[in-house]
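Novice: Pasting in a structure now, in structure tokens, and then I'll have a few things to ask.
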Amino acid sequence: MDALVRRPWWRDLSLPAVVAGFITVLVGFASSAVIVFQAAQAVGADQREIASWMWALGLGMGVTCIGLSLRYRIPVVTAWSTPGAAMLVVGAGGVSLAEAIGAFLLAAVLGALLGFSGIFAKVMKRVPMALAAGMLAGVLLRFGLDVFVSMGSQFGMGVAMFATWLVGRRWLPRYAVILTLAVGIAFAVAQGQLHLQGVTLQLAVPVWTTPQLSWAAVASVALPLFVVTMASQNIPGVAVIRASGYQAPISPVIGWIGVVNAALAPFGAFALNLAAITAAICMGREAHEDPARRYTAAMAAGGFYLLVGLFGATVAAVFAAFPKELIACVAGIALFGTIGNSLASALAVERDREAALVTFLVTASGLALGGIGSAFWGLVAGGVTLIVLRPRAA
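Its first residue numbered 726, the sequence shown is counted upward by one per residue in the working numbering.
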């Protein structure tokens, strides 16, 4: 293991890892960038400031993905907080941009303190592996289903991509997802569904906003953003890492994400956290057959996130040019292996099987209460089930 750690990272890099990193960014950006734009507009950001938000978020995700993955040699994928952005759209009315920036800074500092103090890691150690795997399977189920749902509107494209994956898994397993993506793009071009007319090369320029704090911003933005990010994003993110078989040093990982977030908050980085859904793409066998080398997929994702930051408006237009069915198919197919492994791990221990099943079902249901997503409530429901049923099993 020591010899492997000392191995130069570029010797572990492979084309499937780079493609996995690209798909990670494609799925993450295409699925929620619009919400981030709406969040920026909700607190009064103009076009220059929105571009600065994308610059700060892209830089933050790129630096943390590359730095943490290289430091610990495991896939550490970060993302912006989509629930946090949605919360800003709904609940940040009446808060000025400067006050919102102050709230972002406060939430980031609280996240760093919770990480470095070890409190967050202690909480996560109490989550059983079966529940973590059940939660991951529930989170990813929709993506697997979307492969076949998308065939309802784009039958030819969906069938062609699925058939390509089947053939690739049989004879070229390392390149199955790459071939699937290539066929999807070729199909979209042939059908005239790849719209690149509005794409222009344009660099984003960072815009500094001096942070201010008010009680209204603390109550309506900072504290809800902190809670939602930790509960809906970081807890599932750690569970994904554990369910994928990696032992991450949780305290410094969460702590350093908070530090980077705090440094970039004045430029619009509203919330950075561990990724869950997109992280699974970098942790599956499609990224690399050797789990010890999959960290390069997360590093590749970091490189693409840096490009997102530098060319925010341009990248937004490129990603918007992809048909949504293509994105749904390639994301779901890239996650097939992870979904299967998660279900197997969740149901492997008979004593925990019912609790893991409850976790899976609640998570897959999409239940959201108090602005917190179903992944958190799935863990809560599974934990309650485990507590109630374990004495009976004993």
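All C-beta atoms in this analysis are idealised placements derived from N, C-alpha and C, irrespective of residue type, glycine included.
Owing to the predicted nature of the structure, the values given are computational and were not obtained by experimental measurement.
Rounded to whole angstroms, what is the Cα-Cα separation between I979 and E1075?
Specialist: 32 Å
Novice: Mind checking D737: buried by the 16 CB within 10 Å criterion, or exposed?
Specialist: buried
Novice: Which residue's Cα is closest to the Cα of G993: L813, F747, I1064 and T1088?
Specialist: L813
Novice: Only counting the same chain, and skipping five residues up and downstream in sequence, which positions put a Cβ closer than 7 Å to that of W1102?
Specialist: V1087, L1092 and L1094
Novice: Going by DSSP, name the residue or residues bridged to N998.
Specialist: A804
Novice: Assess, as a yes-or-no matter, whether the region 987 to 1006 is touched by the region 823 to 830 under the definition of 3 or more beta carbon pairs within less than 8 Å.
Specialist: yes
Novice: Give every residue of the same chain whose Cβ lies closer than 6 Å to the Cβ of G1122, excluding the five residues on either side of it in the sequence, and list them in chain order.
Specialist: The requested residue 1122 is not part of the displayed model; the chain covers only 726 to 1119.
Novice: Since I believe G809 is in contact with T1039 (beta carbons under 8 Å), could you give me their beta-carbon distance rounded to a whole number of angstroms?
Specialist: With 8 Å as the limit, T1039 and G809 do not qualify as a contact, their Cβ atoms being about 25 Å apart.
Novice: So, D871 versus G753, is the Cβ gap smaller than 8 Å?
Specialist: For D871 and G753, no; Cβs fall outside 8 Å.
Novice: When the Cα atoms are used, what is the spatial distance from M786 to A1089?
Specialist: 27 Å
Novice: Can you tell me whether DSSP reads A1118 as helix, strand or coil?
Specialist: With a pLDDT of 46 at A1118, under the threshold of 50, the modelled position of this residue cannot be trusted, and the question is left open.
Novice: Can you give the beta carbon distance from A1100 to S806, rounded, assuming they're within the 8 Å contact cut?
Specialist: Not really, about 13 Å apart at Cβ, beyond 8 Å.
Novice: Taking buried to mean at least 16 other C-beta atoms within 10 Å of its own C-beta, is F747 buried or exposed?
Specialist: buried
Novice: Determine the burial state of G1037: buried for a count of at least 16 other Cβ atoms within 10 Å of its Cβ, exposed for fewer.
Specialist: buried
Novice: Assuming I799 is part of the alpha helix (DSSP H), what are its boundary residues?
Specialist: Neither: I799 is in no alpha helix (DSSP H) and is coded neither H nor E.
Novice: In chain order, what residues of the same chain lie with their CB nearer than 8 Å to the CB of L822, ignoring the 5 residues before and after it?
Specialist: V768, G769, A770, E774 and T934
Novice: Measuring CA to CA, which of L1060, V946, C1007 and L1114 is closest to F887?
Specialist: L1060
Novice: Determine, using beta-carbon pairs with one atom in the region 956 to 964 and one in the region 844 to 852, whether at least three such pairs fall under 8 Å.
Specialist: yes
Novice: In the DSSP assignment, find the unbroken alpha helix (DSSP H) run with E1079 in it and report its ends.
Specialist: R1078 to S1090
Novice: Taking the alpha-carbon positions, what's the F762 to V1043 distance?
Specialist: So the two alpha carbons sit approximately 16 Å from each other.
Novice: Is L725 helix, strand or coil when you go by DSSP?
Specialist: It is not possible to answer for residue 725, since the shown part of the chain is limited to 726 through 1119.
Novice: In angstroms, rounded to a whole number, what distance separates the CA positions of A728 and W896?
Specialist: Note that A728 scores a pLDDT of 46, beneath 50, so its modelled location is shaky and nothing firm can be said.
Novice: Closer than 6 Å by C-beta to L921: which residues in its own chain qualify, once you throw out the five before and the five after it? Chain order, please.
Specialist: A1046
Novice: Output yes or no for whether 8 Å exceeds the beta carbon distance between A1012 and A1022.
Specialist: Contact: yes.
Novice: Give, in chain order, every unbroken run of the beta strand (DSSP E) that is at least 3 residues long and sits entirely within the region 1002 to 1071.
Specialist: none
Novice: Among L1068, A817 and T1063, whose alpha-carbon lies nearest the alpha-carbon of Q766?
Specialist: A817
Novice: Does I1112 pass the burial test, meaning 16 or more other C-beta atoms within 10 Å, or should it be called exposed?
Specialist: exposed
Novice: Looking only at its chain, what residues have a beta carbon closer than 7 Å to the beta carbon of L1072, apart from the 5 residues adjacent to it on each side?
Specialist: R1078 and A1081
Novice: Quick one: using the 10 Å Cβ neighbour count with 16 as the cut-off for buried, is A915 buried or exposed?
Specialist: A915 comes out exposed.
Novice: Go to M860, then tell me how far its alpha helix (DSSP H) extends in each direction, as first and last residue.
Specialist: From DSSP, the alpha helix (DSSP H) with M860 extends over M854 to V874.
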